[in-house]
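One structure is given below, encoded as structure tokens.
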Amino acid sequence: PELNTSVEGGSGMLIRAMVDECKMIDANRCSITYSTSITQIQLSDSNQARWITKNGTTDLFDTIIVATTATAAELIKFEPRIDFTEKYRALRQLHYSCSTKILLFFNESWWYTQEHLNGGQSITDLNIRTIYYPRMNNNHT
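Quick note: to get the working numbering, add 43 to the position in the sequence shown (first position is 1).
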């Protein structure tokens with residue numbers, strides 16, 4: 044399968060597509076909040092997520108998408124911590140240089156299970172120059 048892809052029109056198209064999908068959901072079940080300082084996100088046993096903002100406001104959601112830099116995401120306290128251990132590791136392993144960074148989380152570590160890549164990076168001549176793969180421990184998902 045072809046793993047090298049690009050987003051026609053740039054990475055901003057990802058955000059626009061999510062906003063468009065949100066607007067099509069009935070009964071105001073999807074809302075978008077911009078420029079809000081989130082200090083904590085808590086997952087509940089009922090598969091809902093609660094955010095806590097810098098000013099103490101809380102709200103409950105079915106899904107929360109955090110669209111920020113890796114550095115800013117590291118400042119958010121995700122609870123229960125054990126559920127986010129691998130995500131924190133991925134945030135710490137993300138390297139910065141003068142370019143756009145996109146961090147994606149997957150339910151399965153396909154680069155390990157399908158491509159047998161355990162840590163490291165790929166350099167390409169495509170628009171996406173460098174891909175970083177996190178080092179996996181014994182739990183590969």
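Just so it is clear, CB atoms sit at the ideal spot from N, CA and C, and this is done for glycine as well.
Discussion item. Between the alpha carbons of Thr-184 and Ser-78, how many angstroms are there, rounded?
Written reply: Any reading at Thr-184 needs caution, since the residue's pLDDT is 47, under 50, leaving its predicted position unreliable; the model's value is listed next. Going from the Cα of Thr-184 to the Cα of Ser-78 covers about 32 Å.
Fill in: Pairwise C-alpha distance: Ser-165 and Tyr-155
14 Å
Worksheet item: First and last residue of the alpha helix (DSSP H) that includes Leu-134?
Response: 128-136
Worksheet item: Counting only runs that start and end within the region 73-137, where is the alpha helix (DSSP H) found for 4 or more residues in a row?
Response: 113-117 and 128-136
Discussion item. Using only CA atoms, which one of Ile-125, Gln-136 and Leu-134 lies nearest to Leu-86?
Written reply: Ile-125
Worksheet item: How about Ile-84 and Ile-107: are their beta carbons less than 8 Å apart?
Response: yes
Worksheet item: Considering only residues of the same chain and omitting the five flanking positions on each side of Leu-103, which have a CB-CB separation below 7 Å?
Response: Gln-91 and Arg-93
Worksheet item: Who are the near neighbours of Gly-53 in its chain, counting only those whose CB is closer than 6 Å to its CB and skipping five residues on each side?
Response: none
Practice prompt. Mark Ile-81 as exposed unless 16 or more other C-beta atoms lie within 10 angstroms of its C-beta, in which case mark it buried.
Written response: buried
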